[in-house]
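So the sequence shown is numbered by the working numbering: it starts at 716 and just counts up by one.
Here a beta-carbon is modelled for each residue, glycine too, at the ideal position from N, C-alpha and C.
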Amino acid sequence: MQVDPRTDMIAVEQKVIPFTVNTGNQGIGNFNSDEITDIFSKAVQNDIKMKQAKGFPVARYDIKTKKAYLENIDGSREYV
């Protein structure tokens with residue numbers, strides 16, 4: 716994610732998040748920060764499901780080993 720210093724806005728993919736994210740506010744429009752977090756989490760989960768349905772591996776992070784890995788459609792892991 717990159718923040719545009721002129722506008723203090725974060726560039727995001729439109730199909731995932733249907734609104735502009737402004738890092739200077741506690742909310743967006745009629746949404747408070749908890750609602751925005753919930754919408755964002757659901758959008759990420761939907762994107763992950765879509766990628767898995769197409770057979771693509773999903774990038775994840777293992778907190779215990781502190782390593783990133785790719786989770787394949789069969790559930791196997793490839794640590795990177």
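I need the boundaries of the alpha helix (DSSP H) containing residue i, first residue and last residue.
{"i": "V759", "result": "748-768"}
With DSSP run on the structure shown, which of helix, strand or coil describes residue i?
{"i": "D789", "result": "coil"}
{"i": "K781", "result": "coil"}
For residue i, report the span of its beta strand (DSSP E) as first-last.
{"i": "V773", "result": "773-777"}
Just to check my reading of the structure: residue i and residue j have Cβ atoms closer than 8 angstroms, yes? What is that Cβ distance to the nearest angstrom?
{"i": "Y794", "j": "K782", "result": "5 angstroms"}
Kindly confirm or deny that the segment 747-760 and the segment 773-787 touch, where touching means at least three C-beta pairs closer than 8 angstroms.
-> no
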